[in-house]
Every structure is written in C-alpha cells, then in structure tokens.
C-alpha cells in the first residue's frame, strides 16, 4: 500500500481514499490519471478489471498499452512456447501474463504498472537459470526482455552495445564480423544477465570477468526512470550491479569493451567416464602450468553416470593442440571435436554433447590442491547409487580452475564487487540431472548432500574459501553475503538509494535478495 501511495504522490495525486472495498471515486480518478500519464486510454480498462485490481489489472493495463506485447494463458501454444523458453524444465511456471516490450520505454512502463498496482513480477533475459522463480513466476507478470534486440558496434570507441534480449551467440556473431570479441558467456545459448553475477568467460584469463569489461549498464529503476550506471554516472550503482543480480532494477542494455580476435583453436574432447580421476589430475597439472598461458581456457563437464567427461577447450590463436593443454593429451579420447575455427561465435554455438532435461546446480570454492581435486571427485562418486534410482539421473561435476591472472585482470579493470581471493582456486560445481518433476526434491537433495560432504572435506584440510560464485549458486546459498561485509554493505546502500520502496526486494520474489 505504501508503494501505491508513493507512486500516486509522484504523479501529483493526493490519494484521499485508498482501499480494497471497491472502486471508490478517488481510486477511479487515481487510476485514470495514471493511465493518462502513460498515454493509455482509461476507457480501455473495464469496470470489472478495475474492481479486481492486482495482477489482473496490471496485465490489462499492459495489454491496453501494446496488445501484441502481452500473452495470456488463454493464448494456448504461444503462451506455452514463451513460458517454457528456459534451459531447464525446472524453470517454467504459470504467470498471469507474459509481457514482452520491444524497447526500454516499454520496460519502464512494465515496472511502473507493476509498482502502481502492487503486482508481483519476474524478469527474464536468456532464461538460463534452472532455479525456481529466478526468471519466472506463478500468478504474477513475467517481463521478458526477448524483444530488446539491439546490437550496435561503435568503430570509433571499439565498444559493443547489446540489448538484453540477445544471447551471447548473437553478440559474438555481430562483433566477430568486425574482427573483435567481447568478454561474455562460454556457451552461446546463455543470456547477457551473466554480467550481473561477475561472469566467467573463456576470455577471463586474459581480460578478467565479463562484468569487469562492461563499461555501462542501461537500467530501469523502481520508479520507472531510465538511468546509466558507469564509472562516471551512478558509480555506486555500477559497482553494485556488476555482481548484485536483480536487486537494483532491470538492465536493458550493456556497453562492453571489445578486443581484437581472429581465428582460434578449440572445441570439445570427450573422454571415457572411467578416466574422470585421470582428468582431475590433468586439470590440476594444467592449472599449475598450462593456465599460465593467458590465451588458454577450459570448461569441463564430468558426468559420473553418463560415463563421459566432456571438456570444452579454447585457445585464442589458431594453434593446433596448444602446449598449454598438454596435460590432457595422454588421456584416452572417445571423440575429438577440436579444430581451428574462423570465429569464436562458430565455436561456442557448436553443440556440446551433453544434455539434461531437468537440472540444478550448487557451488563451492577451494584452494588449489591436486590431492583435494582427486578426493572431491571420489566423494561425489559415492552418490551415484542414489542418483541411479531416478529416471535419467546423473551427477555432473564442473571443476572450474581460477587463475591469479583472472583475478588480477579483473581488478585492473576497476573495483570488483566479488572480491575473489588472489590465489589459484577451483570453483567446483555439483550439478544434478534427471527427467521427472516428481524427482525434483530428491535430485536436489542428492546434489546438496554431495556438496556438503565436499565442503566438510575441504574445511577439514583448511582449503575451503567462503566465496560462492553467484552464477553457479543454488537458490539457498548466499553468494551476495560471501563478498564480505564491506561489499555487502555497499550493495545494501545502493538498494536503499535506488530502490527506496523495495520494489525489487518485495515485488520481485526471484533471485538472491539483500536482507
């Protein structure tokens, strides 16, 4: 209610009567004034909808503003298609309507409408997260950014401006045509909201985190205003949004640095599942030596039940079988899909031969230690019998080696809210995959039990680092707090300043919240 009153006051309206008992005259006038102030004909909203209020009123107002931008459950297949545009089958919900604006003003209207009527809403960019409610909602408004498709390369400044309706493959294709690249996602199907959680990239060893290469964020705040967050404008907001998720507003566009890039070497190698321990040993050897070559990067998927280890390699020059990865060349290979690619976009859009219908993940962080890498792989093997009981059940490990170079390059590009320790470490992800919705709770329980035992071991050896990478964190983990008290205080201060009525804390239930 307080949000409604504040919104009305911002319109110069004194709400002498605000209540829930019916469409009082003053309420009617307040609504009409709001509609007219946003160029919407009050006659488009019928009396029954006015009386119902809430999310149904929000959907009706948005439909009146742009009929083609709003889809309802009654629209059948179109609604289902948009609702299920997620990477994991765990994510789709049942929003009251799906609103897909095609420009930033449309996004602004969506926020103003939801705030005015106090309707809960969710925001979706690429829809990669499998976490419930992070990019969807039951019974609220889903604001999809799929229509924000801007792609503009500025040759004078060598920067790339991209709308949040794009996936990284779209951005890479656009900028690769200029002989350049951006620091973005490691798979082409991921959305640009990766830059709201630091962002690990195949380019991080050379240029730091993805967010540290964003020069500015265009955002819609809780009051509907459109602002730029950069080092020069709203610098406290810029610092916060780089790793603060959806707590401050809706990001619609980013401007990124670009770097020269020509042909590269990379692609996937598939190793037998029984070589998983050998692979972990090779990963440790790579991190100790090969990763010192800043042009190298690796994204591993260790499937414990699928009986395969898939590693995606990337080298930023067209060098066949680079020396940086020599630790892996002695492992038996089932299939070698590596090659020299004309563009980075071509490599990251090539299919990775590993897929799960329903999946989730959780993360932990540990210091570099070869013995520990082997032990945590053995620990996770213990959970195979439980996971085998589920249809399509699998446990997949993603051991992500983090170099001192990544941390240093990130810091060299400005203040880094994540505060990653300046030490070689492993961001270790335990992921579960399964087929049936009825197994959701058990699959996630197995995953979290495995992770808990991994952390118990790393803590016993003083290897555990109290950092949780937001983009890989499970919904009950606390990545924002893991940045440390000083940074967390800055995030809270930015939230109070730019969202004083707590719209993105209370009306947007999904995501990691500030408490």
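Residue numbers (my numbering): 4 to 518. For every residue, glycine included, the Cβ atom is placed at its ideal position computed from N, Cα and C.
Span of the beta strand (DSSP E) around residue i
| i | result |
| --- | --- |
| residue 363 | 361 to 370 |
| residue 302 | 299 to 306 |
| residue 421 | Per DSSP, residue 421 belongs to no beta strand (DSSP E) and is neither H nor E. |
| residue 254 | 253 to 260 |
| residue 436 | 428 to 437 |
| residue 130 | Note, residue 130: premise wrong, no beta strand (DSSP E); not H, not E. |
| residue 221 | 217 to 223 |
Min CB distance residue i to chain D below 8 Å
| i | result |
| --- | --- |
| residue 386 | Here there is only one protein chain, and chain D is not present. |
Burial state of residue i, where buried means 16 or more other Cβ atoms lie within 10 Å
| i | result |
| --- | --- |
| residue 3 | Given that the chain is displayed from residue 4 to residue 518, the structure contains no residue 3 and the question cannot be resolved. |
| residue 506 | buried |
| residue 131 | buried |
| residue 348 | buried |
| residue 465 | exposed |
| residue 303 | buried |
| residue 426 | exposed |
| residue 261 | buried |
| residue 93 | buried |
| residue 165 | buried |
| residue 187 | buried |
| residue 4 | Note on residue 4: pLDDT 34, under 50, position unreliable in the model; no value is reported. |
| residue 127 | buried |
| residue 182 | exposed |
| residue 115 | buried |
| residue 497 | buried |
| residue 381 | exposed |
| residue 351 | buried |
| residue 79 | exposed |
| residue 242 | buried |
| residue 402 | buried |
| residue 1 | For residue 1 there is no data in the structure shown, the boundaries of the chain being 4 and 518. |
Whole-number beta carbon distance between residue j and residue i, since they are thought to touch under 8 Å
| i | j | result |
| --- | --- | --- |
| residue 198 | residue 217 | 5 Å |
| residue 122 | residue 143 | 6 Å |
| residue 133 | residue 363 | 5 Å |
| residue 435 | residue 294 | In fact, because the Cβ distance is near 28 Å, the residues do not count as touching under 8 Å. |
| residue 318 | residue 267 | 6 Å |
| residue 250 | residue 429 | No, residue 250 and residue 429 are not in contact; Cβ-Cβ is about 28 Å, not under 8 Å. |
Terminal residues of the alpha helix (DSSP H) in which residue i lies
| i | result |
| --- | --- |
| residue 523 | A question about residue 523 goes unanswered here, because the residues of the chain that appear run from 4 up to 518. |
| residue 196 | Note, residue 196: premise wrong, no alpha helix (DSSP H); not H, not E. |
| residue 161 | That residue, residue 161, is in no alpha helix (DSSP H); it is neither H nor E in DSSP. |
| residue 175 | 171 to 179 |
| residue 64 | 57 to 68 |
| residue 492 | 488 to 501 |
| residue 113 | 107 to 120 |
Proximity below 8 Å, CB of residue i to CB of residue j
| i | j | result |
| --- | --- | --- |
| residue 283 | residue 376 | yes |
| residue 383 | residue 453 | yes |
| residue 504 | residue 225 | yes |
| residue 451 | residue 477 | yes |
| residue 201 | residue 246 | yes |
| residue 101 | residue 124 | no |
| residue 45 | residue 33 | no |
| residue 340 | residue 276 | no |
| residue 394 | residue 438 | yes |
| residue 167 | residue 184 | no |
| residue 208 | residue 418 | no |
| residue 233 | residue 219 | yes |
| residue 379 | residue 289 | no |
| residue 517 | residue 483 | yes |
| residue 67 | residue 43 | yes |
| residue 194 | residue 129 | yes |
| residue 89 | residue 95 | yes |
| residue 356 | residue 273 | yes |
| residue 486 | residue 421 | yes |
Cβ neighbours of residue i in the same chain (closer than 6 Å, five flanking residues each side left out)
| i | result |
| --- | --- |
| residue 175 | 347 and 348 |
| residue 177 | 154 |
| residue 76 | 82 |
| residue 500 | none |
| residue 410 | 423 and 425 |
| residue 463 | none |
| residue 342 | 270 |
Beta-carbon proximity list for residue i, same chain, < 8 Å, skipping 5 on both sides
| i | result |
| --- | --- |
| residue 278 | 312, 334 and 335 |
| residue 26 | Unreliable positioning characterises residue 26 in this predicted model, as indicated by a pLDDT of 45, which lies under 50. The coordinate reading is nonetheless provided below. Counting only Cβ-Cβ distances below 8 Å, and skipping sequence neighbours, we find 50, 53 and 54. |
| residue 397 | 306, 307, 308, 309, 359, 390, 435, 436 and 437 |
| residue 446 | 361, 363, 390, 393, 396, 435, 436 and 437 |
Contacts around residue i, its chain only, beta-carbon distance under 7 Å, and the 5 residues preceding and following it disregarded
| i | result |
| --- | --- |
| residue 103 | 72, 147, 149 and 150 |
| residue 509 | none |
| residue 230 | 222, 224 and 237 |
| residue 416 | 211, 215 and 216 |
| residue 63 | 48 and 52 |
| residue 330 | 285, 288, 289 and 293 |
Any non-hydrogen atom of the ligand FMN closer than 7 Å to residue i Cβ
| i | result |
| --- | --- |
| residue 494 | Of ligands this structure carries none, so the ligand FMN is not represented either. |
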